[in-house]
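Everything below concerns the one structure shown next.
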Amino acid sequence: MASALDYSETMTEVVVFNKERHIKYFLRCLKTFLPDLYTSNDSNRILLAYFTVAGLDLLGELHNRTTLEERQGYIEWIYHCQVPSGGFRGFTGTDFGPERRTPANEVWDPANVPSTFFALLILLTLGDDLSRVKRTECLQWLSRMQRENGSFGEVLGSDEKIEGGGDLRFCCFGAGTRYILRGTGEEDLVGDKDIDVDKLVAFIEACQTYDGGIGEAPFCESHSGHTYCAIGALTFLDRLSKNHKPIELLTPGAGPFESLVRWLVARQTSELGDDEDEGGDERGDSHDADGVENLSVTVGELSLDAKADQLPVIRPATKDSLRWAGFNGRCNKYADTCYSFWNTASLHMMDRLGLVDVTRNRRYLLEKTQHIVGGFGKGVGEPPDLLHSYFGLVSLAFQEEPGLECVDPALCSSYRTVQHLHSLPWWQKKA
Ligand SMILES: [Zn+2]
Numbered sequence: 001m002a003s004a005l006d007y008s009e010t011m012t013e014v015v016v017f018n019k020e021r022h023i024k025y026f027l028r029c030l031k032t033f034l035p036d037l038y039t040s041n042d043s044n045r046i047l048l049a050y051f052t053v054a055g056l057d058l059l060g061e062l063h064n065r066t067t068l069e070e071r072q073g074y075i076e077w078i079y080h081c082q083v084p085s086g087g088f089r090g091f092t093g094t095d096f097g098p099e100r101r102t103p104a105n106e107v108w109d110p111a112n113v114p115s116t117f118f119a120l121l122i123l124l125t126l127g128d129d130l131s132r133v134k135r136t137e138c139l140q141w142l143s144r145m146q147r148e149n150g151s152f153g154e155v156l157g158s159d160e161k162i163e164g165g166g167d168l169r170f171c172c173f174g175a176g177t178r179y180i181l182r183g184t185g186e187e188d189l190v191g192d193k194d195i196d197v198d199k200l201v202a203f204i205e206a207c208q209t210y211d212g213g214i215g216e217a218p219f220c221e222s223h224s225g226h227t228y229c230a231i232g233a234l235t236f237l238d239r240l241s242k243n244h245k246p247i248e249l250l251t252p253g254a255g256p257f258e259s260l261v262r263w264l265v266a267r268q269t270s271e272l273g274d275d276e277d278e279g280g281d282e283r284g285d286s287h288d289a290d291g292v293e294n295l296s297v298t299v300g301e302l303s304l305d306a307k308a309d310q311l312p313v314i315r316p317a318t319k320d321s322l323r324w325a326g327f328n329g330r331c332n333k334y335a336d337t338c339y340s341f342w343n344t345a346s347l348h349m350m351d352r353l354g355l356v357d358v359t360r361n362r363r364y365l366l367e368k369t370q371h372i373v374g375g376f377g378k379g380v381g382e383p384p385d386l387l388h389s390y391f392g393l394v395s396l397a398f399q400e401e402p403g404l405e406c407v408d409p410a411l412c413s414s415y416r417t418v419q420h421l422h423s424l425p426w427w428q429k430k431a
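Under full-length UniProt numbering, the sequence shown is numbered contiguously, ending at residue 431.
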């Protein structure tokens, strides 16, 4: 009894969510230059913009800390990324301008599937009504992005060739874009070519592996990020129509559903990767590059029993080590902030979030990866970056952290944004 009491006392220690620092972090990213590490992300600038704008929205400060003119400027920049033939480019660097764009050169300035999804989400988050979005053109372009096997590419190349993509990320962004732009009204889209929903569902189902998780494509290793994309895509399809045959991955009691839940819950781990130096001395020169090389040669000559003896010692969990538990994305990996999102968001869409140990996830995020300057790092002791900062916040929002807006797990945006989407004309069901 005494130890149980000690334990509960430990769990009630004050863990602080540093809201004001997170606001400052996202404002710095919005209003000053990003660190040079982001240079290689230039062609993906829409994604960085999404994390920044959605982060401030989640913190409830987008409208308080930016002016109307600033928000209008962001909206204009997004529309500047719209391609005349439908869809959005990821940044303005490929834009020739309307006078110089011709059928012969437009292949060099294509819309791409992920950027289109994120552009629409940013516009919605900023309160735009999407009235300037080339909605029909975009949906037509999207149907041409789907491959024969049901998956989606990234861009259309010359002669309408579908290029890039092919994994579940593009399936999720394709289904998400269709969800946003198609809505439930539908009457104004009669006669337009839709994507092949059955083929998309079949492709996603084929990506589930023997262990219950879902890989990026059929016969690939289970991965939480791709699992999220699979469940996200299916959720978008399911929300728009209940007339198709039941999707097993979304049906409690069905084998695929239950085995996926088990796999997702098993991703929660107290292996944080923060104690690499402990025990390093046992290996002597293990940090020395030559030593590592020699070690592998030596191990290669050992018997199986001797090799087993060389494996690192896995220390049993202790009361202390179990205080923090984040999530990994694959078996035998350390916890990583973004996986606190990918796994719990998937479970949220499957209505199984209650199976997660929220207290230990919160402690992991707030005590191990929340950064002193605001934002979250990928792992223990890492500097903050936009992706991990946003997903750290969303994971906490799922757990109803005070000071954060509620988030829709499929659109990965605040409920306020989703409500705004559902108020648009093509979302108004005919009476
Ligand atoms: Zn990560």
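Ideal Cβ positions, reconstructed from N, Cα and C, are used throughout, including at glycine.
Tell me, which residues are paired with residue i by DSSP?
i: T269; result: G326
i: S413; result: D408
i: Q82; result: F88
Tell me whether residue i is buried or exposed, calling it buried when 16 or more other Cβ atoms sit within 10 Å of its Cβ.
i: F96; result: exposed
i: residue 432; result: The first residue shown for the chain is 1 and the last is 431, placing residue 432 beyond what the model contains.
i: D351; result: exposed
i: I372; result: exposed
i: S341; result: One point to set straight first is that residue 341 is Phe, not Ser, in the sequence displayed. Classification for F341: buried.
i: L302; result: exposed
i: E278; result: Low per-residue confidence applies at E278: pLDDT is 45, beneath 50, and the placement is therefore not dependable, though the value from the model is reported in the following sentence. By the 10 Å Cβ count, E278 comes out exposed.
i: D305; result: exposed
i: D320; result: exposed
i: E154; result: buried
i: S241; result: exposed
i: H422; result: exposed
i: Y179; result: buried
i: E221; result: exposed
i: V14; result: exposed
i: A104; result: exposed
i: D285; result: With a pLDDT of 38 at D285, under the threshold of 50, the predicted position of this residue should be treated as unreliable, though the coordinate-derived value follows. Flag for D285 reads exposed.
i: F33; result: exposed
i: V292; result: Annotation note: pLDDT 47 at V292 (below 50); position unreliable, no value reported.
i: Q146; result: buried
i: D216; result: The sequence shown places Glu at residue 216, not Asp. Buried, because 16 or more other Cβ atoms sit within 10 Å of the Cβ of E216.
i: S40; result: exposed
i: L249; result: buried
i: I314; result: exposed
i: D192; result: exposed
i: N361; result: buried
i: I115; result: For clarity, residue 115 is Ser in the given sequence; the question names Ile instead. Buried.
i: Y79; result: exposed
i: H244; result: exposed
i: H348; result: buried
Kindly examine ligand 3 and report whether one of its heavy atoms sits closer than 7 Å to the Cβ of residue i.
i: R323; result: Among the ligands in the structure shown, ligand 3 does not appear; only ligand 1 can be found there.
Would a check of beta-carbon distances place residue i closer than 8 Å to chain C?
i: D196; result: In the structure shown, chain C does not exist; there is a single protein chain.
Q: Taking 5 Å as the limit, tell me which residues put their C-beta closer than that to any heavy atom of ligand 1, in chain order.
A: Per the Cβ criterion, the list is D336, C338, K378.
Q) Mind pulling the alpha helix (DSSP H) runs of 4 or more residues that sit fully within the segment 37-80? A) Counting only runs that start and end inside the segment 37-80, the alpha helix (DSSP H) elements of at least 4 residues fall at 45-58, 62-65, 68-80.
(Q) Please give the ranges of any alpha helix (DSSP H) in the segment 146-232, keeping only runs that are unbroken, at least 4 residues long and fully inside the region. (A) Here the runs fully enclosed are 168-182, 197-206.
Q) What residue ranges within the segment 360-386 form continuous alpha helix (DSSP H) runs of no fewer than 4 residues, ordered along the chain? A) The segment 360-386 contains no whole alpha helix (DSSP H) run of 4 or more residues.
Q) If you scan the segment 332-356 from start to end, which runs of the alpha helix (DSSP H) of 4 or more residues do you find wholly inside it? A) For the alpha helix (DSSP H) assignment, the uninterrupted runs of no fewer than 4 residues enclosed by the segment 332-356 are, from N- to C-terminal side, 337-349.
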